[in-house]
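Just so you know, the sequences run in chain order A and B.
Just so we're aligned, residue 4 is where the first sequence starts under this note's numbering, counting upward by one.
Just so we're aligned, residue 4 is where the second sequence starts under this note's numbering, counting upward by one.
Each residue gets a CB set at the ideal place from its N, CA and C atoms; glycine is no exception.
Structure first, then comments.
Number of protein chains: 2
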Amino acid sequence: MVGRVTIAQVAAEVGVSAMTVSNVLNGRPGASAETRRIVLDAAGRLGYTANPAARSLKNGRSGLVGLITLDLTAQYTLEIIRGVAEELADVELELLINASYHDAEREQDRIRSLSRGQVDGLILVAPVLEPATLDFLRDNRVPCVVIDPRRIDTPLPRVTVDNYEGMRAGVEHLIALGHTRIAFLRGDDELQSSELRFRGYSDALTLAGFQVDERLVRTCSFSYDSGFRTSTALLSENPTAIAAGADLMALGAIDAARAAGLDVPRDLSVLGFDDLPQAGQSFPGLTTVRQPLHDMGLRGARALLSLLDGQSLVTDDIRLATSLVIRGSTGPAADADASTNLSTSASHAAG
Amino acid sequence: MVGRVTIAQVAAEVGVSAMTVSNVLNGRPGASAETRRIVLDAAGRLGYTANPAARSLKNGRSGLVGLITLDLTAQYTLEIIRGVAEELADVELELLINASYHDAEREQDRIRSLSRGQVDGLILVAPVLEPATLDFLRDNRVPCVVIDPRRIDTPLPRVTVDNYEGMRAGVEHLIALGHTRIAFLRGDDELQSSELRFRGYSDALTLAGFQVDERLVRTCSFSYDSGFRTSTALLSENPTAIAAGADLMALGAIDAARAAGLDVPRDLSVLGFDDLPQAGQSFPGLTTVRQPLHDMGLRGARALLSLLDGQSLVTDDIRLATSLVIRGSTGPAADADASTNLSTSASHAAG
DNA sequence: CTGTTAGCGCTTTCAT
DNA sequence: ATGAAAGCGCTAACAG
């Protein structure tokens, strides 16, 4: 429960002052080799460990980093957290994790509560960030980094990904496979990434000389169920491919196709966005635009560490690239006999 | 970064002693309604909040609970954590999460480090718990609760589930559907639950008058990939059903069947164990033995809170029941023409 | 009802 | 190379 042994006890045991013990234990100079040896020995023998509260009170740092996420159970979030944890482990900072569960008020409350000395800095994953919260963070100079902000112009150091380029590359892959009736599952507009991904989709189509068909674009929430339902409805429009704004939707789309008796990718190609662990763990594997979630966590944590060290950041917008991961869920359009050369790479990945 | 306003400042502002401010702010008696009002007003105006480090140093409690889990990214773990977090939120305790990633040494290190005053108590999810660690926890009187221990006789307060009964009920469900060639994916023997689930399987068979066929029992690790591979190999034995020791394995089994051109559940029934969120998010939905993961977290946290309050627990072994969740992945055995009526109810329940 | 004293365990500053 | 004093912010315990 406690490291009940104090510095004073170690000092008494050895017959030196507490100050000397402190110096030795913290590797500060000013102690003979002999004293050093004896002190370390005694400390070890007694099982001394510093009282973090006392230390914290003295030096004003808690050794804790707060992480506030939308949803603790979402895989998306977890891969990010894992990256953060990895980076933090090296510097002996502990992670204090909170979830807001999409509740702006709760988020604000958690941010306020943690910022008051409970933690040294904050990492926010896709936060709502109401103006009042932003003001609070600024006014109190809370070291804070946002990973995957909802708005790209969030006035805080942030880690973002190439949502536009990612989706555009994904849809271009579908176009290269000969698809022309490409539907799009658009995510919640509260996230600017939804808009950006949609623009990637629509630009890819337009630049290839196609028109965006409104009937093929549906708004969908970030879940398997929503993906399943929305796709089921969409199938009546006879798309040959569905590009989804998130893997969970895409997974729902695959099963919707399956439920409708279609074969993926023969009858319908499906593209995701995220590359969650599940994307590789399905049959067929999901072709998807990979967000470097783990890296996002790593980089966000690293940026926070710089802030905590008092260093200024090289840039306030750390932008990471996405990459297209081709698996089995996309293949040549059924009626496309065009791209033979492309079909090798695609159909190979496709199965 | 900090609630830099101290009690002394509030006291000075109002013109009373720090003690009075402390009393008012903590709702202790001994302050006139008037003083109370003025103090609260000033504290609010100045934006005072207690310095947690100082408080912690004074009263010896950090307000933090440590949670050490095997794997931060496993859904299994997360559902538990969500339960823990929910219970803790009510009492203003924060959760400090660590992962050991299956490394016994790291686990020990994390436990030791957190126990030294960093946290008030510990929740361990499926820990390795080497003897030395157990000794440490006992010697230091660390309030500690284990959720889903690897060995059922772990000498600490613990939350366990009915592994044996659960699997037995699941396999009996398969038997009732007319299956006789029921294969079993057995989990890692490091977890006693693997053994218990296997016994549930074998007892169900034996009591129904069947023999356990060694060729139909395979050891498999707790992953989709392992489930896929092991099942692929298993299919050559022509089972009509596969009972898996975990959902991830079962999901792998379904896709292995699919990859082999079999239809689930027409040609092969698949049973899981856990009821992860994914189990309901697949097509067909996975019939599985539900572990009340969220509840396990809730109950574990509640037990820890009792320990922190100095209360003794009613029991050291909080055992929770599993329940069979019938979805679409199980159906009547192909060669069973007996149960026509069952096929309706089963496929109905299954859908 | 309100104030004073003291101390939680540590470390910064200044002496020796 | 070592030690004494003081104080981080808070709150029991006791005084008034």
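Closer than 8 Å by C-beta to Arg250/B: which residues in its own chain qualify, once you throw out the five before and the five after it? Chain order, please. Walking along the second sequence from the start, residue 250/B turns up at place 247. With the sequence shown as reference, residue 250/B is identified as Asp, and Arg is not the correct amino acid for it. These residues qualify, in order along the chain: Gly275, Phe276, Asp277, Asp278, Leu279, Gln281, Ala282, Leu289 and Thr291.
Spatial neighbours of Pro134/B within its chain, please: CB distance less than 7 Å, with the 5 preceding and 5 following residues excluded, ordered by chain position. Position 131 of the second sequence holds residue 134/B. Excluding sequence neighbours, Pro134/B sits near nothing in its chain.
Excluding sequence positions up to five away, which residues of its chain have a Cβ less than 8 Å from the Cβ of Ser118/A? What you label residue 118/A is simply residue 115 of the first sequence in a count that begins at 1. Answer for Ser118/A: Gly69, Leu125, Phe139, Leu140, Asn143 and Val145, listed in chain order.
Those residues which DSSP pairs with Leu327/B across a bridge: For the purposes of this step, residue 327/B is identified with residue 324 of the second sequence, where counting begins at 1. In DSSP, Leu327/B forms a bridge with Val292/B.
According to DSSP, simplified to helix, strand and coil, what is Gly334/A? As a first step, residue 334/A is located in the first sequence; it is residue number 331 there, counting from the start. Looking at Gly334/A - three-state DSSP - the assignment turns out to be coil, as it is neither helix nor strand.
Quick check on DSSP: helix, strand or coil for Ile155/B? Numbered from its first residue, the second sequence carries residue 155/B at position 152. It is coil, neither helix nor strand.
To which residues of the same chain is Leu194/A closer than 8 Å at the C-beta, ignoring the five residues directly before and after it? Residue 194/A sits at position 191 when you count from the first residue of the first sequence. Counting only Cβ-Cβ distances below 8 Å, and skipping sequence neighbours, we find Ala129 and Arg153.
Cβ neighbours of Leu49/A in the same chain (closer than 8 Å, five flanking residues each side left out): For the purposes of this step, residue 49/A is taken as residue 46 along the first sequence, with counting starting at 1. Counting only Cβ-Cβ distances below 8 Å, and skipping sequence neighbours, we find Val8, Gln12, Val13 and Glu16.
Asn101/B - DSSP class collapsed to helix/strand/coil: On the second sequence, position 98 is the one that residue 101/B refers to. Strand.
Runs of alpha helix (DSSP H) wholly within the segment 153 to 202 of chain B (minimum 4 residues, chain order): 166 to 179
Measuring CB to CB, does Ile84/A end up less than 8 Å from Leu75/B? Taking the first residue of the first sequence as position 1, residue 84/A is located at position 81. Taking the first residue of the second sequence as position 1, residue 75/B is located at position 72. The answer is yes: Cβ separation under 8 Å.
Count the other CB atoms within 10 Å of the CB of Gly33/A; is the residue buried (16 or more) or exposed (fewer)? As a working mapping, residue 33/A is identified with position 30 in the first sequence. Gly33/A should be labelled exposed.
So which residues of chain B does Ala262/A contact, with C-beta pairs closer than 8 Å? Against the first sequence, residue 262/A aligns to sequence position 259. Simply Phe286.
With 16 other Cβ atoms within 10 Å as the buried cut-off, status of Glu95/B: Sequence index remark: in the second sequence, residue 95/B carries index 92 (1-based). Exposed, because fewer than 16 other Cβ atoms sit within 10 Å of the Cβ of Glu95/B.
Under a three-way DSSP split, which group does Asp278/B fall into? Translated into positions along the second sequence, residue 278/B becomes position 275. Residue state, collapsed to three classes: coil.
Does the beta carbon of Gln121/A sit closer than 8 Å to a beta carbon anywhere in chain B? Residue mapping note: residue 121/A aligns to position 118 of the first sequence, counting from 1. For Gln121/A, the answer is yes, since a Cβ of chain B falls inside 8 Å of its Cβ.
Listing by chain order, which chain B residues have their CB less than 8 Å from the CB of Pro130/A? On the first sequence, position 127 is the one that residue 130/A refers to. In chain order: nothing, as chain B lies at least about 17 Å away.
Measure from the C-beta of Ser350/B to each C-beta in chain A and report whether the shortest distance is under 8 Å. Taking the second sequence and counting its residues from 1, one reaches residue 350/B at position 347. Reliability of the predicted coordinates at Ser350/B is poor, the pLDDT of 37 falling under 50, and no value is obtained from them.
Looking at chain A, is there any beta carbon in it that lies within less than 8 Å of the beta carbon of Asn29/B? Translated into the one-based positions of the second sequence, residue 29/B becomes position 26. Asn29/B does not count as touching chain A.
Proximity below 8 Å, CB of Arg202/A to CB of Tyr167/A: Numbered from 1 along the first sequence, position 199 holds the residue referred to as residue 202/A. Numbered from 1 along the first sequence, position 164 holds the residue referred to as residue 167/A. Taking 8 Å as the Cβ cut-off, Arg202/A and Tyr167/A qualify as a contacting pair.
Whole angstroms is fine: what's the gap from Val131/A's alpha carbon to Ala56/A's? As a first step, residue 131/A must be located in the first sequence, where it is residue number 128. As a first step, residue 56/A must be located in the first sequence, where it is residue number 53. In a straight line, the C-alpha of Val131/A is about 32 Å away from that of Ala56/A.
Touch check for the segment 235 to 246 of chain A and the segment 298 to 310 of chain A: three-plus C-beta pairs under 8 Å? no
Tell whether a beta-carbon distance below 8 Å holds between Gly255/B and Ser229/B. As a position in the second sequence, residue 255/B is number 252, starting the count at 1. As a position in the second sequence, residue 229/B is number 226, starting the count at 1. Yes, Cβ-Cβ distance for Gly255/B and Ser229/B is below 8 Å.
Going along chain A in order, which residues have a C-beta closer than 7 Å to the C-beta of Ile100/B? For the purposes of this step, residue 100/B is identified with residue 97 of the second sequence, where counting begins at 1. Neighbours of Ile100/B on chain A, chain order: Leu98 and Ile100.
CB-CB length for Ala253/B against Thr235/B, believed under 8 Å: Translated into the one-based positions of the second sequence, residue 253/B becomes position 250. Translated into the one-based positions of the second sequence, residue 235/B becomes position 232. Rounded, the Cβ-Cβ distance is 14 Å, inconsistent with contact.
Burial state of Arg269/B, where buried means 16 or more other Cβ atoms lie within 10 Å: Sequence index remark: in the second sequence, residue 269/B carries index 266 (1-based). Counting Cβ neighbours within 10 Å, Arg269/B comes out exposed, since fewer than 16 surround it.
Specify whether the segment 100 to 107 of chain B and the segment 37 to 46 of chain B touch according to this definition: at least 3 beta carbon pairs, one from each stretch, less than 8 Å apart. no
Okay, do the segment 146 to 165 of chain A and the segment 309 to 322 of chain A touch, 3+ Cβ pairs below 8 Å being the bar? yes
What does Glu82/A touch in chain B if you count any residue whose Cβ is under 9 Å from its own? Numbered from 1 along the first sequence, position 79 holds the residue referred to as residue 82/A. Residues of chain B passing the Cβ test: Thr76.
Where does Asp312/A land, buried or exposed, given buried means 16+ other C-beta within 10 angstroms? Position 309 of the first sequence, counting from 1, holds the residue named residue 312/A. With fewer than 16 Cβ atoms within 10 Å of its Cβ, Asp312/A is classed as exposed.
Identify, in the order they occur along the chain, each residue of the same chain with its Cβ nearer than 6 Å to the Cβ of Ala107/A, setting aside the five sequence neighbours on each side. If you number the first sequence from 1, residue 107/A lands on position 104. Answer for Ala107/A: Val131 and Glu133, listed in chain order.
Measure the beta-carbon distance from Phe213/A to Asp191/A and round it to whole angstroms, keeping in mind my assumption that it falls under 8 Å. Locating residue 213/A in the first sequence gives position 210, where the first residue counts as 1. Locating residue 191/A in the first sequence gives position 188, where the first residue counts as 1. Not really, about 25 Å apart at Cβ, beyond 8 Å.
Buried or exposed, going by whether 16 or more other CB atoms sit within 10 Å of the CB of Leu308/A? On the first sequence, residue 308/A is found 305 positions in, with the first residue counted as 1. Counting Cβ neighbours within 10 Å, Leu308/A comes out buried, since at least 16 surround it.
Where does Leu237/A sit, in a helix, a strand or coil, going by DSSP? Start at 1 with the first residue of the first sequence, and residue 237/A comes out as number 234. Reduced to three states, the DSSP call for Leu237/A is helix.
Locate the beta strand (DSSP E) running through Leu67/A, then write down its first and last residues. Counting from one through the first sequence, the residue named residue 67/A turns up at place 64. Leu67/A -> beta strand (DSSP E) spans Leu67 to Thr72.
What would DSSP say about Thr243/B, mapped onto helix, strand or coil? As a working note, residue 243/B is residue 240 in the second sequence. Reduced to three states, the DSSP call for Thr243/B is coil.
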